[in-house]
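Here the structure comes first, spelled out in structure tokens, and everything after it is commentary.
Numbering (the numbering used here), first residue to last: 58 to 335.
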């Protein structure tokens with residue numbers, strides 16, 4: 058939905074943009090629910106030195122948030138490091154939701170990029186920190202419950218929930234590229250042989266010069282194709298594939314953390330057994 062532009066004139070760039078925003082809004086709402094459940098559960102005070110330091114930093118730079126939270130609507134106690142760190146995640150998720158709603162309603166948002174999530178890796182990092190901390194203090198069973206579930210969800214769905222494939226008849230793309238090459242004074246793309254087209258496209262993909270600009274008029278097929286081309290970038294989906302690849306590596310980091318914790322436990326048990334034998 059929102060991406061099939063092939064012979065479907067009602068799927069405009071604006072429709073595609075709304076679908077992107079709605080997908081991001083839905084996944085953000087789901088994450089907020091998950092985070093609130095984690096904050097409720099992770100009341101323990103035992104934590105790694107790294108997590109405790111992060112909690113101190115969060116408390117030192119905390120901003121008062123006006124979200125009407127279901128749980129812990131007042132300040133979270135500073136001696137509960139997991140709740141402190143996840144509370145900051147919850148605040149940024151609320152800001153991210155408000156940011157998306159402002160974009161949908163007004164077309165712009167006043168939220169700073171530092172106050173919202175723009176890349177799934179930003180959300181993955183504090184969750185991984187909590188996971189590794191729990192494993193390091195002997196609470197791997199707790200880490201492998203809801204927290205691991207959320208790590209997997211972020212790795213799979215990112216900040217966009219689903220991948221949106223934008224399809225359109227190839228002739229429309231040819232017309233759009235024809236307008237670009239004509240504006241640049243490089244001739245008619247539609248008249249070039251296949252090899253020349255490939256060479257030019259490869260050169261443009263490797264160039265740092267932006268391909269889209271405020272050039273030819275925005276009407277007709279060219280305007281529609283150009284508008285659709287801008288939507289993924291504006292909606293934060295342009296880097297989604299790279300983000301998914303990074304999250305697969307992130308998931309491997311979780312697996313390595315679990316393996317290291319298990320190896321440490323086995324090593325401790327073996328040492329205890331040797332001591333008993335002696």
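From the three backbone atoms N, C-alpha and C, an ideal C-beta is built for every residue, glycine too.
Reference residue i, options the options, closest by Cα
i: residue 210; options: 251, 140, 185; result: 185
i: residue 84; options: 242, 263, 177, 94; result: 177
i: residue 241; options: 223, 261, 225; result: 261
i: residue 155; options: 146, 145, 144, 167; result: 167
i: residue 201; options: 72, 73, 65, 99; result: 99
i: residue 110; options: 267, 255, 183, 228; result: 183
i: residue 97; options: 229, 137, 169, 236; result: 137
Inter-residue Cα distance where the pair is residue i and residue j
i: residue 88; j: residue 150; result: 8 Å
i: residue 245; j: residue 61; result: 27 Å
i: residue 234; j: residue 265; result: 18 Å
i: residue 191; j: residue 171; result: 27 Å
i: residue 181; j: residue 249; result: 46 Å
i: residue 223; j: residue 94; result: 35 Å
i: residue 135; j: residue 198; result: 24 Å
i: residue 114; j: residue 107; result: 11 Å
i: residue 141; j: residue 103; result: 13 Å
i: residue 69; j: residue 195; result: 53 Å
i: residue 259; j: residue 160; result: 34 Å
i: residue 208; j: residue 252; result: 45 Å
i: residue 205; j: residue 267; result: 40 Å
i: residue 219; j: residue 247; result: 34 Å
i: residue 356; j: residue 75; result: There is no way to answer for residue 356, as the model of the chain reaches only from 58 to 335.
i: residue 179; j: residue 143; result: 13 Å
i: residue 165; j: residue 203; result: 35 Å
i: residue 290; j: residue 71; result: Reliability of the predicted coordinates at residue 290 is poor, the pLDDT of 49 falling under 50, and the value obtained from them is presented with this limitation in mind. Cα to Cα, residue 290 sits roughly 13 Å from residue 71.
i: residue 232; j: residue 257; result: 15 Å
i: residue 73; j: residue 225; result: 13 Å
i: residue 227; j: residue 175; result: 31 Å
i: residue 193; j: residue 117; result: 25 Å
i: residue 145; j: residue 90; result: 14 Å
i: residue 229; j: residue 86; result: 36 Å
i: residue 302; j: residue 65; result: At residue 302 the pLDDT is 32, less than 50, meaning the model places this residue with poor confidence; the figure from the coordinates comes in the next sentence. Near 32 Å, if we compare the C-alpha coordinates of residue 65 and residue 302.
i: residue 236; j: residue 67; result: 23 Å
i: residue 238; j: residue 169; result: 36 Å
Supposed close pair residue i, residue j - CB separation, criterion 8 Å
i: residue 153; j: residue 133; result: That pair is no contact at about 19 Å.
i: residue 77; j: residue 221; result: 6 Å
i: residue 139; j: residue 187; result: 6 Å
i: residue 189; j: residue 80; result: Going by Cβ atoms, the distance from residue 189 to residue 80 rounds to 30 Å, so no, they are not a contact pair.
i: residue 147; j: residue 92; result: 5 Å
i: residue 82; j: residue 157; result: 5 Å
Endpoints, the alpha helix (DSSP H) within which residue i is located
i: residue 107; result: 106 to 117
i: residue 156; result: 138 to 163
i: residue 80; result: 70 to 98
Interface flag, residue i vs chain B, CB-CB below 8 Å
i: residue 94; result: This model lacks chain B altogether, as it is built from one protein chain only.
Every unbroken alpha helix (DSSP H) inside the region 185 to 259 [4 residues or more]: Segments of the alpha helix (DSSP H) lying fully in the region 185 to 259: 205 to 214, 227 to 240.
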